[in-house]
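Numbering (UniProt numbering), first residue to last: 1 to 317. Ideal placement from N, C-alpha and C gives every residue a C-beta, glycine not left out. Notes for the one structure printed next.
Listed below in structure tokens is the structure:
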């Protein structure tokens, strides 16, 4: 069914004049003459068959019709403006908006982003950190990095990195009154928990520790905060290899024992399938896989096939 719509320029003139209650100010805003604004509004009133303004000697007043017409016209123009701005942001230049978890941003991505920026100085990188899943259809995000099982419907998911789970602590705990020489020595130390993933109970079974009270100790919903507390000597953390590797390399944390477990989940590069053809998204995606391949803490990375994605049902973080 064909839409019956008035001219767009006339609607812009009406919205501006109604907002300012002045043809003169509307003309200044739209960079046209006052006569042009008056002509556009007169044409719109003739097209509608009803007046929108009362023209007084020194005032411009909206009629009842004009008052009721203004809100939907303003909303329609705002929608068009936002949609157009979003289209411009989707091209191969300008800003690249990346969404990821705060812990991954703080402990892995941020310290590497400079290398990407040096390679692509034409791109303005915007980092959107949130523990929540973003809606690509509603938010201005170009690409995401998520941690989970890879089952996000409607998105292309490429497995970037897997990781091992193992205990870490501050170097200060190694020389304290209760040195950590073997897994059984954990009985004398505070255990720090990241409840989303492999637990101390699971690790303790793999290490063959009998009688370890694995439920004690504080719990954290942010892995970066967990590692910070461990680095300050607050206890022993069960750490995720990708996030803790730089702290271990810098000596802020030390890896304990030889027992490690493969993580249940992996890091994925995600976006709607057609986003991957955009030059800026492809550039960032390719750079991410280069960085992951060079990271000794990262496991095998590859794209997740459609069949795997369809059959994976583990909850995502």
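{"Query": "Three-way DSSP call (helix, strand, coil) for residue 312 in this model", "Result": "Bear in mind that a pLDDT of 33 at residue 312, under 50, signals an unreliable position, so the model cannot answer this."}
{"Query": "For residue 265, the residue or residues it bridges with in DSSP", "Result": "Note: residue 265 sits in no beta bridge, so no partner."}
{"Query": "Range covered by the alpha helix (DSSP H) that runs through residue 43", "Result": "34-48"}
{"Query": "Residue 66 in three-state terms, based on DSSP", "Result": "helix"}
{"Query": "Contact under 8 Å by Cβ, residue 201 with residue 214", "Result": "yes"}
{"Query": "Proximity below 8 Å, CB of residue 156 to CB of residue 273", "Result": "yes"}
{"Query": "CB-CB length for residue 23 against residue 37, believed under 8 Å", "Result": "5 Å"}
{"Query": "Beta-carbon proximity list for residue 43, same chain, < 8 Å, skipping 5 on both sides", "Result": "7 and 10"}
{"Query": "Cβ-based neighbour list, residue 97, same chain, cut-off 7 Å, excluding 5 preceding and 5 following", "Result": "126, 128, 140, 141 and 142"}
{"Query": "Segments of 3+ residues assigned as beta strand (DSSP E) that fall wholly inside the region 226-287", "Result": "236-240 and 266-271"}
{"Query": "Proximity test, Cβ basis, 8 Å: residue 184 and chain D", "Result": "Annotation note: the requested chain D is absent from the structure, which comprises a single protein chain."}
{"Query": "Rounded C-alpha distance that separates residue 310 from residue 75", "Result": "Because the pLDDT at residue 310 is just 32, under 50, the model does not fix this residue reliably, and the value given afterwards should be weighed accordingly. So the alpha carbons of these two residues sit roughly 39 Å apart."}
{"Query": "Distance, residue 85 Cα to residue 242 Cα", "Result": "36 Å"}
{"Query": "Boundaries of the beta strand (DSSP E) in which residue 318 is found, first to last residue", "Result": "Since the displayed the chain opens at 1 and closes at 317, residue 318 lies outside it and no answer follows."}
{"Query": "Candidates 284, 285 and 166: closest to residue 297 by CA position", "Result": "166"}
{"Query": "Rounded separation between residue 308 and residue 282 - CA only", "Result": "With a pLDDT of only 36 at residue 308, under the threshold of 50, the placement of this residue in the model should not be trusted, and no figure is reported."}
{"Query": "Limits of the unbroken alpha helix (DSSP H) element including residue 53", "Result": "Run containing residue 53: none in the alpha helix (DSSP H); it sits in the beta strand (DSSP E), 53-55."}
{"Query": "Cβ distance (whole Å) where residue 30 is taken to contact residue 18 below 8 Å", "Result": "With 8 Å as the limit, residue 30 and residue 18 do not qualify as a contact, their Cβ atoms being about 13 Å apart."}
{"Query": "Unbroken beta strand (DSSP E) run spanning residue 125, endpoints", "Result": "123-129"}
{"Query": "Integer Cβ distance of residue 168 from residue 244, believed to fall under 8 Å", "Result": "6 Å"}
{"Query": "Contact check, residue 209 vs residue 232, beta carbons under 8 Å", "Result": "no"}
{"Query": "Beta-carbon gap between residue 170 and residue 207 smaller than 8 Å", "Result": "no"}
{"Query": "Coarse secondary structure for residue 180, derived from DSSP in three states", "Result": "coil"}
{"Query": "One or two residues paired with residue 95 in a DSSP bridge", "Result": "124"}
{"Query": "Cβ-based burial, residue 187 [other Cβ within 10 Å; buried from 16]", "Result": "exposed"}
{"Query": "Per DSSP, cross-strand counterpart(s) of residue 100", "Result": "129 and 145"}
{"Query": "Proximity below 8 Å, CB of residue 224 to CB of residue 136", "Result": "no"}
{"Query": "C-alpha gap between residue 219 and residue 15, whole angstroms", "Result": "54 Å"}
{"Query": "Terminal residues of the alpha helix (DSSP H) in which residue 15 lies", "Result": "8-20"}
{"Query": "Alpha-carbon spacing of residue 252 relative to residue 77, whole angstroms", "Result": "54 Å"}
{"Query": "Exposure label - residue 122; buried when at least 16 CB within 10 Å", "Result": "exposed"}
{"Query": "Residue 163 (DSSP reduced to helix, strand or coil)", "Result": "coil"}
{"Query": "Reference residue 203; option with closest CA among 150, 5 and 260", "Result": "260"}
{"Query": "CA nearest to the CA of residue 290, picked from 138, 106, 278 and 269", "Result": "269"}
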